[in-house]
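Residue numbers (mature numbering (1 follows the signal peptide of the UniProt record, and there is no 0)): -16 to -1, 1 to 114. The next block holds one structure in the form of structure tokens; read it before the comments.
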Amino acid sequence: MISLSIFLTILCAALGDTTQARISTTTEVPLTPPPPAFSQISPFPEQCGNQSITLPSRILGGNEVSLTEFPWMARLRHRSASGFYTFGCAGFLISEYFVMTAAHCIASKTLTTLGPMYVCPPLFMSCYCV
């Protein structure tokens, strides 16, 4: 078996290059480890979600409004299979007969109530009209 140096000399001579072939050496440089994957970096503090605050009312970061201040707002109520009413979505009136809301709010659900009603949730001490 011939060495690389001899092979390159023969190859260069065959191609018409009469200069001596040069062989370079390389030095291995250790690779730095890649940065951590995105899923390993968290922008949240370790105690995220463990806040010890007491809410003085049902409204956080806003102001209580009168019943007639936003008449186009709609709170959607659905009856679950077990007969209980569930809330969780809202919308707004876009005409006399239609409410605009997110698609996931009505997927496989039937709107059962739209209009003013009195709600007395078990966790609160008073009833309120929505």
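Beta carbons: idealized from backbone N, C-alpha and C, even for Gly.
Cα-Cα separation, residue i to residue j
{"i": "G46", "j": "G67", "result": "33 angstroms"}
{"i": "R63", "j": "L77", "result": "21 angstroms"}
{"i": "C89", "j": "E12", "result": "60 angstroms"}
{"i": "Y69", "j": "T16", "result": "58 angstroms"}
{"i": "E48", "j": "A86", "result": "24 angstroms"}
{"i": "S50", "j": "A91", "result": "31 angstroms"}
{"i": "E80", "j": "A65", "result": "29 angstroms"}
Top-ranked residue by Cα proximity to residue i, from the options
{"i": "F82", "options": "A91, F71, A58", "result": "A58"}
{"i": "G72", "options": "F54, P55, L60", "result": "L60"}
{"i": "P55", "options": "T70, L15, G75", "result": "G75"}
Delimiting residues of the beta strand (DSSP E) encompassing residue i
{"i": "G72", "result": "69 to 77"}
{"i": "L60", "result": "57 to 63"}
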